[in-house]
Structures are given as C-alpha cells and as structure tokens.
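S.K.: Take a look at the following structure, please.
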Amino acid sequence: MVCKWMPIIVADRCTGCGLCVDACGPKSLAMVDGIAVLTLPDTCGSEEHCIAACRDEAIQMAWLPLSGDRTVGRWSDGAEPRPVPCSDAAQDGNGSSAQ
Ligand code: SF4
Numbered sequence: 048m049v050c051k052w053m054p055i056i057v058a059d060r061c062t063g064c065g066l067c068v069d070a071c072g073p074k075s076l077a078m079v080d081g082i083a084v085l086t087l088p089d090t091c092g093s094e095e096h097c098i099a100a101c102r103d104e105a106i107q108m109a110w111l112p113l114s115g116d117r118t119v120g121r122w123s124d125g126a127e128p129r130p131v132p133c134s135d136a137a138q139d140g141n142g143s144s145a146q
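Just so we're aligned, residue 48 is where the sequence shown starts under this note's numbering, counting upward by one.
What follows is the structure in structure tokens.
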C-alpha cells in the first residue's frame, strides 16, 4: 500500500483557532464546521508546519493511504517506518479523527 506522510487532526482537541490553516502554505487544510480538516491531501508537502502552529497538540502526522502525485510530499511504499500503521490510519479519509 502506498502512503503519504500527512496530518491527522484530533477533533476532540481542536479548538478551531485556524492557526494550522494559516500556517499551511499549499492550503491543504481548511476549517470545516469549526474543525481543521485536511481537505486537499494532494497538495500537502508533508512539511509539518501545521503541527508547529498548533497550540493544542491536536495534530499528529501519520502515513495515510493515498494515490497521486508522488513528487509532492513524502511517500512510502512500505520501506520507511510508520509511527501510525498505514492501515490503522485510514479512518474516514479526510484527515480528521475523533480519537
Ligand atoms: S491549530 Fe490546532 S487547535 Fe487550531 S485549528 Fe488547527 S488543529 Fe485545531
């Protein structure tokens, strides 16, 4: 399975401040119903600027299943370590999680 290194937003911790959205250069994140959501995973550069911006520790990075342009962001075909197992991180596919 091919995965990309991308943010997961823990909805229970997100306060909706929007700092991560502002910090995301390629505008991969957006506010949806007051919670940050990875709406454009294809544009994510895997640079973790959103994590640095979040004051509430509401974002964690994980290898998430995705197909697309492998020249944008960090990708793994299984060769790299996966802090969150790729299959476990599939969740609802939009980068948010209620964990
Ligand atoms: S910076 Fe953190 S708390 Fe603020 S909107 Fe983003 S995920 Fe939510």
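Just so it is clear, CB atoms sit at the ideal spot from N, CA and C, and this is done for glycine as well.
Helix, strand or coil for Ala136, going by three-state DSSP, please let me know.
M.R.: Along the sequence shown, one-based indexing puts residue 136 at 89. Confidence in Ala136 is poor, its pLDDT being 48 and thus under 50, which makes the residue's placement unreliable; the coordinate value appears in the next sentence. In this structure, Ala136 counts as coil in the three-state DSSP scheme.
S.K.: Quick one: Cα of Lys74 to Cα of Ile55, how far?
M.R.: If you number the sequence shown from 1, residue 74 lands on position 27. If you number the sequence shown from 1, residue 55 lands on position 8. Going by the C-alpha atoms only, they are around 15 Å apart.
S.K.: Relative to the alpha-carbon of Met48, which residue among Val68, Gly72, Ser114 and Gly120 has its alpha-carbon at the smallest distance?
M.R.: Position 1 of the sequence shown holds residue 48. Residue Ser114 is the option with its Cα nearest to Met48.
S.K.: For Val68 versus Met78, is the C-beta distance shorter than 8 Å?
M.R.: Counting from one through the sequence shown, the residue named residue 68 turns up at place 21. Counting from one through the sequence shown, the residue named residue 78 turns up at place 31. Yes; because the gap between Cβ atoms is below 8 Å, this pair is in contact.
S.K.: Could you name the residues that DSSP lists as bridge partners for Ile106?
M.R.: Walking along the sequence shown from the start, residue 106 turns up at place 59. Paired residue(s): Ile56.
S.K.: Leaving out the 5 sequence neighbours to the left and right, which residues in its chain are closer than 7 Å to Ala105 when beta-carbon positions are compared?
M.R.: On the sequence shown, position 58 is the one that residue 105 refers to. Contacts found: Ile56, Val57, Arg60 and Cys61.
S.K.: Within the same chain, show all residues whose beta-carbon is closer than 7 Å to that of Cys97, passing over the 5 residues directly before and after it, in chain order.
M.R.: Counting from one through the sequence shown, the residue named residue 97 turns up at place 50. These residues qualify, in order along the chain: Pro54, Cys67, Ala70, Cys71, Leu76 and Ile106.
S.K.: Measuring from the CB of Ala105, is there a heavy atom of the ligand SF4 at a distance below 7 Å?
M.R.: In the sequence shown, residue 105 corresponds to position 58, counting from 1. Yes; taking the cut-off as 7 Å, the Cβ of Ala105 has a heavy atom of the ligand SF4 nearer than that.
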